[in-house]
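First comes the structure, then the notes that go with it.
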Ligand SMILES: Nc1ncnc2c1ncn2[C@@H]1O[C@H](COP(=O)(O)OP(=O)(O)OP(=O)(O)O)[C@@H](O)[C@H]1O
């Protein structure tokens with residue numbers, strides 16, 4: 001597909017936002033781009049999730065209460081609800097991100113969900129679009145393509161260009177992701193996961209923090225993806241009337257229960273059937289949220305009963321189902337019937353959701369390739385992290401100056417032998433902890449990125465870990481340089497250089513060896529947190 005055609009497609013998408021709701025031609029082109037191999041129908045029954053507020057707490061909180069539902073391919077499903085209703089929790093459970101404390105059954109294309117296989121089919125874009133801030137858009141896409149595709153470099157480049165143009169990111173492809181606007185970051189997070197065309201896409205609040213036009217653009221895009229055959233499930237707080245009309249299937253959660261599952265057109269008739277008349281010229285979504293909030297009385301139990309906590313599909317529209325290739329997969333119009341059909345066919349196949357699974361299964365490329373790509377990415381990040389380098393150097397200089405002044409001329413008098421010992425001890429401790437601080441400060445910001453990428457099967461954890469540790473060898477050289485630099489500042493002050501050359505050199509070597517041993521052990525054991533703390537003390 002040429003760039004010209006793609007630019008036309010992008011213009012058409014923009015046109016959809018401002019004029020009409022549907023454009024069959026752009027849908028066709030997006031379908032070509034996505035090349036969806038498989039349509040996914042996700043059905044869940046009696047999902048309950050209990051969480052402990054903290055790890056040692058005996059008391060459990062029930063966050064999801066016997067929810068059921070059915071999400072179909074070719075439809076844009078929106079999970080709606082007030083803040084704290086349980087939308088993200090439901091997504092975490094359905095994607096398999098949360099497995100502990102979950103009971104119930106989940107079926108994928110009429111078969112009990114196998115978590116390993118299911119994870120190969122999905123992409124989960126979490127609420128906080130965690131991106132590598134030091135990489136440009138193009139570099140981030142290159143890394144995603146290298147890790148997720150096995151095609152030729154030319155094909156990868158073509159696919160990246162297609163997606164960037166479609167997502168309107170081609171103009172900022174050389175901008176660092178840390179400098180992108182909120183909307184661009186959201187679109188990049190989606191673009192990164194579209195690289196391998198996953199048949200099922202989960203998005204946690206893709207429109208949060210976006211203005212109305214950008215939100216509409218984002219939802220239009222998701223709708224086009226759904227029309228191309230993907231199962232698109234997103235959570236949304238309170239859509240405007242125009243956004244609501246674009247949603248094919250609305251699934252409303254309130255207090256861990258399902259209070260509505262059906263088409264947006266059927267929402268007002270559904271509420272009328274319960275004696276709740278949506279005022280004219282009122283956004284039905286706003287009205288529904290007010291009902292969920294209890295503004296019109298206690299209607300929630302009645303709504304949960306009416307919709308059978310998600311099992312009742314009578315308010316669904318079936319028109320969209322005809323668009324998808326695998327319509328034979330839609331075997332029933334209600335959740336219970338789907339599960340009954342499964343049980344009759346193979347009762348032993350039914351497995352509970354909390355079954356064990358292997359993390360990181362199903363990556364596209366092998367260990368060594370993953371390692372190489374991650375090393376390349378780390379090298380780019382390290383070379384651009386000027387703040388860290390500057391902080392290291394200036395910190396060593398300032399501390400060396402202070403320590404030098406405190407221990408001024410102690411090397412010349414035998415009376416100060418204890419001070420010499422103190423100076424040595426202080427330096428060892430300071431240099432050790434300053435080396436740790438780099439890891440401690442970067443780890444919290446990197447953890448969510450790693451969790452997202454690993455969950456979406458970009459790489460296995462051991463290749464990520466080894467790549468990171470190998471990169472620390474590079475930064476170790478910087479540390480050793482800082483140490484030498486710091487020492488050469490301290491020793492002239494204390495006048496210790498001449499007498500103590502031997503043990504100063506010994507100490508520097510010893511200090512470096514602590515890190516080498518630590519690194520080797522960490523790589524072997526894979527228990528970074530414990531060994532990072534323990535090993536230096538043992539060795540020193
Ligand atoms: N581990 C936990 N222990 C106790 N309560 C929890 C735990 N995790 C989540 N909760 C609670 O569960 C409820 C649902 O959380 P969830 O994040 O699913 O809400 P949400 O509908 O996605 O809200 P928002 O739209 O604000 O993101 C919240 O009240 C939250 O405080």
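Residue numbers (full-length UniProt numbering): 1 to 540. Ideal Cβ placement from N, Cα and C applies to all residues, glycine included.
Taking C-alpha positions only, residue 198 is separated from residue 390 by approximately 42 Å. Distances taken from the Cβ of residue 207 to the heavy atoms of ligand 1 include none shorter than 7 Å. Between residue 253 and residue 87, the C-beta gap is smaller than 8 Å, which places the two residues in contact.
Contact check for residue 251 against residue 69 passes: the beta carbons are separated by less than 8 Å.
Where residue 75 is concerned, there is no enclosing beta strand (DSSP E), because DSSP gives it neither an H nor an E. Residue 443 carries a helical assignment under DSSP once its states are collapsed to helix, strand and coil.
Judged by beta-carbon spacing, residue 256 lies within the 8 Å limit of residue 65, meaning their Cβ atoms are closer than that value.
Approximately 28 Å separates the beta-carbon atoms of residue 39 and residue 85; this is outside 8 Å, ruling out the contact.
Taken atom to atom, the span from the alpha-carbon of residue 458 to that of residue 451 is near 10 Å.
Judged by DSSP secondary structure, residue 85 falls outside any alpha helix (DSSP H); it is assigned neither H nor E. Under the 8 Å Cβ criterion, the segment 222 to 238 counts as touching the segment 201 to 208, having at least three qualifying pairs. For secondary structure counted as the alpha helix (DSSP H) over 4 or more consecutive residues, the segment 150 to 226 holds these complete runs in sequence order: 153 to 166 and 182 to 194. Relative to ligand 1, the beta carbon of residue 83 is positioned inside 7 Å of a heavy atom. According to the DSSP secondary-structure assignment, residue 233 is paired through a beta bridge with 77 and 202.
Shown here, residue 408 sits in coil according to DSSP, grouped into three states, outside any helix or strand.
No heavy atom of ligand 1 is found nearer than 7 Å to the CB of residue 59. Between the alpha carbons of residue 135 and residue 121 lies a gap of roughly 27 Å.
The three-state reading of DSSP puts residue 365 in coil, since its state is none of H, G, I, E or B. Spanning the alpha carbons of residue 71 and residue 44 requires a straight line of approximately 9 Å.
DSSP, read as helix, strand or coil, puts residue 105 in strand.
DSSP places residue 305 in the uninterrupted alpha helix (DSSP H) bounded by 300 to 306. Ligand 1 has no heavy atom closer than 7 Å to the beta-carbon of residue 182. Of all alpha-carbon atoms in 193, 133, 151 and 62, the one lying nearest the alpha-carbon of residue 124 is that of 193.
Residue 86 has its CB nearer than 7 Å to a heavy atom of ligand 1. Excluding residues up to 5 positions away in sequence, 222, 223, 226, 232, 247 and 248 lie with their Cβ nearer than 6 Å to the Cβ of residue 76 in the same chain. Residue environment for residue 81: buried (at least 16 other C-beta atoms within 10 angstroms of its C-beta). Burial of residue 307 is indicated by the presence of at least 16 other C-beta atoms within 10 angstroms of its C-beta. Measuring C-alpha to C-alpha distances from residue 453 to each of 189, 92, 415 and 273 identifies 189 as the nearest. Closest option to residue 109, judged by alpha-carbon separation, among 67, 94, 41 and 171: 41. Assignment of beta-bridge partners to residue 136 by DSSP yields 176.
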